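Only one structure is covered here, and it is reproduced in the block below.
Protein chains: 2
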Amino acid sequence: MNNFVFQNPTKLIFGKGQIARLAKELPRDKKILVTFGGGSVKKNGVYEQVVAALEGFDYIEFWGIEPNPKVETLRKAVDVCKREGVEFLLAVGGGSTLDGTKLIAAASVVEADAWELVLNPSLYGGTLPFASIMTLPATGSEMNRGAVISNLTTGEKYSFYNTYPVFSILDPETTFSLPPFQVACGLADTFVHVMEQYLTITDCSPLMDRWAEGVVQTLVEVAPKVRANQQDYDAMATYMLSATMGLNGFVAMGVPQDWATHMIGHEITALAGITHGQTLVVVLPGVMDVMREQKGDKIVQFGQRVWGITEGTKDERIDATIRSTEEFFRSLGLATRLSELGVGEDVCAEIVRRFRERGTLLGEASNIDYRLVEQVLRQRM
Amino acid sequence: MNNFVFQNPTKLIFGKGQIARLAKELPRDKKILVTFGGGSVKKNGVYEQVVAALEGFDYIEFWGIEPNPKVETLRKAVDVCKREGVEFLLAVGGGSTLDGTKLIAAASVVEADAWELVLNPSLYGGTLPFASIMTLPATGSEMNRGAVISNLTTGEKYSFYNTYPVFSILDPETTFSLPPFQVACGLADTFVHVMEQYLTITDCSPLMDRWAEGVVQTLVEVAPKVRANQQDYDAMATYMLSATMGLNGFVAMGVPQDWATHMIGHEITALAGITHGQTLVVVLPGVMDVMREQKGDKIVQFGQRVWGITEGTKDERIDATIRSTEEFFRSLGLATRLSELGVGEDVCAEIVRRFRERGTLLGEASNIDYRLVEQVLRQRM
Chain A
5 MNNFVFQNPT KLIFGKGQIA RLAKELPRDK KILVTFGGGS VKKNGVYEQV VAALEGFDYI
65 EFWGIEPNPK VETLRKAVDV CKREGVEFLL AVGGGSTLDG TKLIAAASVV EADAWELVLN
125 PSLYGGTLPF ASIMTLPATG SEMNRGAVIS NLTTGEKYSF YNTYPVFSIL DPETTFSLPP
185 FQVACGLADT FVHVMEQYLT ITDCSPLMDR WAEGVVQTLV EVAPKVRANQ QDYDAMATYM
245 LSATMGLNGF VAMGVPQDWA THMIGHEITA LAGITHGQTL VVVLPGVMDV MREQKGDKIV
305 QFGQRVWGIT EGTKDERIDA TIRSTEEFFR SLGLATRLSE LGVGEDVCAE IVRRFRERGT
365 LLGEASNIDY RLVEQVLRQR M
Chain B
5 MNNFVFQNPT KLIFGKGQIA RLAKELPRDK KILVTFGGGS VKKNGVYEQV VAALEGFDYI
65 EFWGIEPNPK VETLRKAVDV CKREGVEFLL AVGGGSTLDG TKLIAAASVV EADAWELVLN
125 PSLYGGTLPF ASIMTLPATG SEMNRGAVIS NLTTGEKYSF YNTYPVFSIL DPETTFSLPP
185 FQVACGLADT FVHVMEQYLT ITDCSPLMDR WAEGVVQTLV EVAPKVRANQ QDYDAMATYM
245 LSATMGLNGF VAMGVPQDWA THMIGHEITA LAGITHGQTL VVVLPGVMDV MREQKGDKIV
305 QFGQRVWGIT EGTKDERIDA TIRSTEEFFR SLGLATRLSE LGVGEDVCAE IVRRFRERGT
365 LLGEASNIDY RLVEQVLRQR M
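Heads up: the sequence lines are chains A and B, in that order. Okay, so the first sequence: first residue is 5 according to this note's numbering, each after it adds one. Okay, so the second sequence: first residue is 5 according to this note's numbering, each after it adds one.
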């Protein structure tokens, strides 16, 4: 087991009717910026609950943080924060709204431009405190430090790290009206988050292995229920809790991490505008296949414990495990091939060019270079 | 799934050589009381590492917090804190040292006597901040709010709740020289902690079920390695991490909890002086058997997922699951019957009398009264 330091101070407030608790959790003496996405919270009753809870608070609304939040939009919110003396932020919506808010919170306390802050973490100079009401289970942003920010002008998409949300409120009922495609992508995103922290080497941390497998087993069990009936409270609660636990550091203690699938997926989103979770399920089977030698023992363990694959040679078991994984993604109604998404050779060539130019080395062993990225993409056409 | 609020701010610093980090984590401007147990840390090199890290800090040592920490001893440390203006506490040792320190930290900031504070939580008036170097994996105290305190005069043993440790440093190498009986009890304690949060109803939180089962599966796998070679770093690290994760709230989100086994076990310790973990493995099979109707579905799930029991009628599967659980405890070298420990009818009668007098109702459904406690104890003679 590797040495590690773990700390996650976020207060997780989970369950039916918990948005009303907002009034107890927010600071009464601070000016608050409430950030929103495109307006779906006005249709599902969340906005009304938030406004009711905010009675008596000094707050401003900021609307329009889009999927794959764009720095161009976030700069406007930073201007509001600086001009109005905002002291606390509350993100209401999905992972994109919260991710964007994490950058707003940090960019509001420094001179540097928001995108410079994304490109150069050494410019980080603290943050306004922030919290969330998370309505789309997927990114785990509600209980981690991470955010992913896009730049429209340059067509780039990068990670940014702030501190943890002070609190996050998750009411599974807010997910009842989500578009089924978003739910499918959220299930897929959670699945792949866990795989990035799990599918490396064996015997490093048996407990973390069990917990990672536990999240995936839970997703596999609950996905058909979620797909069959998005009003099934317990199923949606299980999906929602899994999304949070999949990327809050809980399954990452003392283990190496991969993240190659995400790095490649981000480029597909940046260049072809494909939804994040959808890109991941296309890429992951390719990474598993191309890295089968290095990851083979763990793939076999995964196949055995999650898919019940116990027969055949090692290579056959790896093949069967990749097949079962891809079948699960297809059972969510997602595409698993680039061609199905209209992503062609030109996009792939540009992705390979970018990795070559940057000299990036991906994966737990930092050995996935642009040539292996190309193999992964070819395998997924 | 039940509504819940989860927050655990403890910074967990885990791994080889991490005690040296103490100098970075402790406040330089505060007077520190360092608490110890009976002196084992002087034999295993921990004391030397702590003293080296504390160079330049303003600190006092307090020695002699015993197993099942006694309020009589803790009062002396409270006097020291009040007299010397102590502002921060560092517990170095096992769960008992840290449990005792949690009470010292709280009793040092109020007028009330320490035992009054245990009996009456409404007297709680905050706490001095405290941290730990945990050297005996068992109680999970390093990452939770709980403590268990004994009173020599009255022969009582009760839980006490403070806030969370600011940080806890866990170096698996500090466990290499633990007495094998303590290790066996630590494994057992962890096992039963998880069962108290798990063995209730089915389908409440599938993810928490998987995580609880994951801790137990990990314990079952690692126990023989730990028993065979206490210098096996990875095995001891896995045991140590499991102990922390078994009782830090991570497997308890949105699920009911039992704790009947602990409540009965505490009485056996209080009256007969039997080590905590040892009392639990005696009691648990009895609770499983006596509560087999209420807990049956979960016992069957547990038997299937952890022990691989898939054949037979429901009752046969429950019997086989209880048998496998007891066999695991015996494989740790622990007794599983009261008679083996010299605990006789008189002690059992006194325990039953206490529960009858107090009118306590135990278990997740608050329906285990003194009559059922008597059945459990009879079953375990």
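We put the beta carbon where it would ideally sit given N, CA and C, even for glycine. Keep in mind it's a predicted model, so treat the numbers as computed, not measured.
Within chain B, the residues that residue i reaches when beta carbons sit closer than 9 Å
{"i": "Q22 (chain A)", "result": "N7, V9"}
{"i": "D238 (chain A)", "result": "M5, D207, C208, S209, P210"}
{"i": "S370 (chain A)", "result": "The contacting residues do not exist; S370 (chain A) stays about 21 Å from chain B at best."}
{"i": "A241 (chain A)", "result": "M5, S209, G258"}
Cβ of residue i within 8 Å of any chain B Cβ
{"i": "M295 (chain A)", "result": "no"}
{"i": "S172 (chain A)", "result": "no"}
{"i": "F254 (chain A)", "result": "yes"}
{"i": "M267 (chain A)", "result": "no"}
{"i": "M385 (chain A)", "result": "no"}
Closer than 8 Å to chain A by CB, residue i
{"i": "T325 (chain B)", "result": "no"}
{"i": "E225 (chain B)", "result": "yes"}
{"i": "L245 (chain B)", "result": "yes"}
{"i": "M249 (chain B)", "result": "yes"}
Nonlocal neighbours in the same chain, by C-beta distance under 7 Å from residue i, ignoring five residues either side
{"i": "A110 (chain B)", "result": "L121, Y128, T131, N166"}
{"i": "T340 (chain B)", "result": "V285, V286, P289, E330, F333, R334"}
{"i": "A274 (chain B)", "result": "S154, G159, E160, K161"}
{"i": "A216 (chain B)", "result": "V198, Q201, Y202, V255"}
{"i": "E91 (chain B)", "result": "K34, K35, L132"}
Listed by chain order, chain A residues near residue i by CB distance under 9 Å
{"i": "L16 (chain B)", "result": "F8, V9, F10, Q11, M257"}
Partner residues on chain A for residue i, Cβ-Cβ distance less than 7 Å
{"i": "R214 (chain B)", "result": "G218, Q221, T222"}
Contacts of residue i in chain B (Cβ-Cβ under 8 Å)
{"i": "G19 (chain A)", "result": "M5, N6, N7, F8, G258"}
6 Å CB neighbourhood of residue i in its chain, flanking five on each side removed
{"i": "A188 (chain B)", "result": "L336, G337, L338"}
{"i": "R79 (chain A)", "result": "A118"}
{"i": "V226 (chain A)", "result": "A239, T242, Y243"}
{"i": "I278 (chain B)", "result": "I272, L345"}
{"i": "A27 (chain B)", "result": "A57"}
{"i": "S181 (chain B)", "result": "N48"}
{"i": "S343 (chain A)", "result": "M385"}
{"i": "M267 (chain A)", "result": "L366"}
Supposed close pair residue i, residue j - CB separation, criterion 8 Å
{"i": "I303 (chain A)", "j": "R296 (chain A)", "result": "7 Å"}
{"i": "Y243 (chain A)", "j": "V259 (chain A)", "result": "Not quite, the Cβ-Cβ distance comes to about 24 Å (not below 8 Å), so this is no contact."}
{"i": "F61 (chain B)", "j": "I23 (chain B)", "result": "The pair is not a contact, with the Cβ atoms about 14 Å apart (cut-off 8 Å)."}
{"i": "V45 (chain B)", "j": "G89 (chain B)", "result": "The Cβ separation is near 25 Å, so there is no contact."}
{"i": "M138 (chain B)", "j": "L102 (chain B)", "result": "7 Å"}
{"i": "S328 (chain A)", "j": "G307 (chain A)", "result": "7 Å"}
{"i": "I326 (chain A)", "j": "M292 (chain A)", "result": "5 Å"}
Outcome for residue i when other beta-carbon atoms lying within 10 angstroms are tallied against a minimum of 16
{"i": "R214 (chain B)", "result": "buried"}
{"i": "G144 (chain B)", "result": "buried"}
{"i": "K74 (chain A)", "result": "buried"}
{"i": "Q221 (chain A)", "result": "buried"}
{"i": "N12 (chain B)", "result": "buried"}
{"i": "A321 (chain A)", "result": "Reading off the sequence, residue 321 (chain A) comes out as Arg, not Ala. So R321 (chain A) ends up on the buried side."}
{"i": "E361 (chain A)", "result": "exposed"}
{"i": "V55 (chain A)", "result": "exposed"}
{"i": "G348 (chain A)", "result": "exposed"}
Neighbourhood of residue i by C-beta, 8 Å cutoff - its chain only, sequence neighbours within 5 removed
{"i": "G43 (chain B)", "result": "W67"}
{"i": "E76 (chain A)", "result": "N155, L156, T157"}
{"i": "I17 (chain A)", "result": "R25, E29, F171, S172, I173, L174"}
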